[in-house]
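In what follows, a structure is listed as structure tokens, so that the remarks can point back to it.
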Amino acid sequence: MAHQPTPRSGARLRGPAAPPRPEPRAHDAHATGQSGHRRLVRLLALLPLLGVLALAGCAQRADDSGGGEAGTGFPVTVEPAGAPAVTLDEQPQRIVSLIPSVTETLYEVGAGEQVVAVDEMSTHPSEAPRTEMSGIDPDPQQIASHDPDLVVVGSDAEGKLASALKKTGVPTLVLPAPKTLQDAYAQFALVGKATGHADEGRRLARETEQAITDLADSAPDKDLSYYHEVDPTYYTITSATFLGEVYDLFGLRNIADQGDPNAMGGYPQLSAEKIVEADPDLVFLADTKCCGQNADTVAKRPGWNTMTAVEKGRVYPLDDDIASRWSPRLVEFVRVVADAVTEA
Numbered sequence: 179m180a181h182q183p184t185p186r187s188g189a190r191l192r193g194p195a196a197p198p199r200p201e202p203r204a205h206d207a208h209a210t211g212q213s214g215h216r217r218l219v220r221l222l223a224l225l226p227l228l229g230v231l232a233l234a235g236c237a238q239r240a241d242d243s244g245g246g247e248a249g250t251g252f253p254v255t256v257e258p259a260g261a262p263a264v265t266l267d268e269q270p271q272r273i274v275s276l277i278p279s280v281t282e283t284l285y286e287v288g289a290g291e292q293v294v295a296v297d298e299m300s301t302h303p304s305e306a307p308r309t310e311m312s313g314i315d316p317d318p319q320q321i322a323s324h325d326p327d328l329v330v331v332g333s334d335a336e337g338k339l340a341s342a343l344k345k346t347g348v349p350t351l352v353l354p355a356p357k358t359l360q361d362a363y364a365q366f367a368l369v370g371k372a373t374g375h376a377d378e379g380r381r382l383a384r385e386t387e388q389a390i391t392d393l394a395d396s397a398p399d400k401d402l403s404y405y406h407e408v409d410p411t412y413y414t415i416t417s418a419t420f421l422g423e424v425y426d427l428f429g430l431r432n433i434a435d436q437g438d439p440n441a442m443g444g445y446p447q448l449s450a451e452k453i454v455e456a457d458p459d460l461v462f463l464a465d466t467k468c469c470g471q472n473a474d475t476v477a478k479r480p481g482w483n484t485m486t487a488v489e490k491g492r493v494y495p496l497d498d499d500i501a502s503r504w505s506p507r508l509v510e511f512v513r514v515v516a517d518a519v520t521e522a
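For the sequence shown, the numbering used here begins at 179 and goes up steadily by one.
Written out as structure tokens, the structure is:
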């Protein structure tokens, strides 16, 4: 069945999508040489977004219980969806963040001065104290060397990291990747509350949601199809993903939805022939920084110069980092989509 555009209104957010699998995808195993290694590193870096955990459930939320007044009142208890609740007796002053999206959020809510170390993929903001620590495979000893009083991670298989750090009295806050935009907004508020910036967190959530809603409402209603490229081997997204929800806000049709939107966890690999045959009206490239893709390289692909998007100059480069994170900079990605729809 063809994908039906989501009704255009301020309250059109979908419910939780079917979660993609958190493991590295099958094609990673076939990468060879240096190019294969780079692709593996890129796809692993995307896992916090692409690998939404299979723990389906309630939306990410900041629990208002056990926390004194809004602002810096402690102790506070926060309850991430699909992860253990954490009670913080005092405002953390030495935070280690191993999630790029959360690193950005920490600085946006005003907790930047409390951050002492971030993972190797936390490239924004530039002043973040970047280290060689991995957010995919956290090393408790490396983390402990920074003497943290709060560690934020994207996943913790079997609670091993939290258990190891608990021995030193360090709380671990696990924040799984959001399944929906509403989950992302709620996570902004949760990060603010956990760090003593509850008001700022709620404000950030409110303003981000309003900005995205305004952008979607400002774009005209048009019957357009799109292809979102994750890497040059034609891995893409379907509507059953976090980013797919963003495109749904504009009523766009995803060419990858012609099959099962939940196939490959919402991240199928298409063939070049299928993409050309689908003839999308818009092409969005989320592999510009990692893989050097742009409108010119796309036009040189065999047969692609005949596609509507290429012929009409509707190939839009995205910032790889922004398009793979659920940080407040998501607004910038939404703005690119809004401009593309308006110009088409």
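Note that the Cβ used here is the ideal one computed from N, Cα and C, for glycine as well.
Residues of its chain near residue i, where Cβ-Cβ distance is below 7 angstroms and the 5 sequence neighbours each way are ignored
{"i": "Pro410", "result": "Asp465, Cys469 and Gln471"}
{"i": "Val509", "result": "Thr386, Ala389 and Ile390"}
{"i": "Ala518", "result": "Leu460, Arg492 and Tyr494"}
Cut-off 6 angstroms between Cβ atoms - residues of its own chain near residue i, not counting five sequence neighbours on either side
{"i": "Ala516", "result": "Leu393 and Ala397"}
{"i": "Arg239", "result": "Low confidence applies to Arg239: its pLDDT is 41, below 50, so where it sits in the model is not reliable, and the reading given next is rough at best. Cβ within range, chain order: Ala364."}
{"i": "Gly370", "result": "Val287, Ala376, Glu378 and Gly379"}
{"i": "Gln447", "result": "Tyr412 and Tyr413"}
Cβ shell of residue i (< 8 angstroms), same chain only, five flanking positions each side left out
{"i": "Glu521", "result": "Arg492"}
{"i": "Arg272", "result": "Gln292, Val294, His324, Asp325, Pro326, Asp327 and Leu328"}
{"i": "Lys344", "result": "Thr350"}
Beta-carbon separation (whole angstroms), residue i vs residue j, contact threshold 8 angstroms
{"i": "Val264", "j": "Leu339", "result": "Going by Cβ atoms, the distance from Val264 to Leu339 rounds to 13 angstroms, so no, they are not a contact pair."}
{"i": "Lys316", "j": "Trp504", "result": "Checking the sequence shown, residue 316 turns out to be Pro, not Lys. About 19 angstroms separates the two Cβ atoms, so there is no contact after all."}
{"i": "Val330", "j": "Ser275", "result": "5 angstroms"}
Simplified DSSP assignment, three categories, for residue i
{"i": "Ala295", "result": "strand"}
{"i": "Glu282", "result": "helix"}
{"i": "Ile314", "result": "coil"}
{"i": "Leu460", "result": "strand"}
{"i": "Asn432", "result": "strand"}
{"i": "Leu328", "result": "strand"}
{"i": "Gln447", "result": "strand"}
{"i": "Gly290", "result": "helix"}
Exposed unless 16 or more other CB atoms sit within 10 angstroms - verdict on residue i
{"i": "Asp498", "result": "buried"}
{"i": "Lys490", "result": "exposed"}
{"i": "Gln360", "result": "buried"}
{"i": "Arg431", "result": "buried"}
{"i": "Gln319", "result": "exposed"}
{"i": "Asp334", "result": "buried"}
{"i": "Arg384", "result": "exposed"}
{"i": "Asp426", "result": "buried"}
{"i": "Gly443", "result": "buried"}
Range covered by the alpha helix (DSSP H) that runs through residue i
{"i": "Pro495", "result": "No alpha helix (DSSP H) contains Pro495, which is instead part of the beta strand (DSSP E) from Val493 to Pro495."}
{"i": "Thr525", "result": "Only positions 179 to 522 of the chain appear in the structure, and residue 525 is not among them; the question remains open."}
{"i": "Ile390", "result": "Ala376 to Ser396"}
{"i": "Ser341", "result": "Lys338 to Lys344"}
{"i": "Val476", "result": "Ala473 to Ala477"}
First and last residue of the uninterrupted beta strand (DSSP E) at residue i
{"i": "Thr255", "result": "Val254 to Val256"}
{"i": "Val408", "result": "Run containing Val408: none; DSSP gives neither H nor E here."}
Cβ-heavy atom distance, residue i to the ligand MN, below 6 angstroms
{"i": "Phe252", "result": "With respect to the ligand MN, the structure offers nothing, as it holds no ligand at all."}
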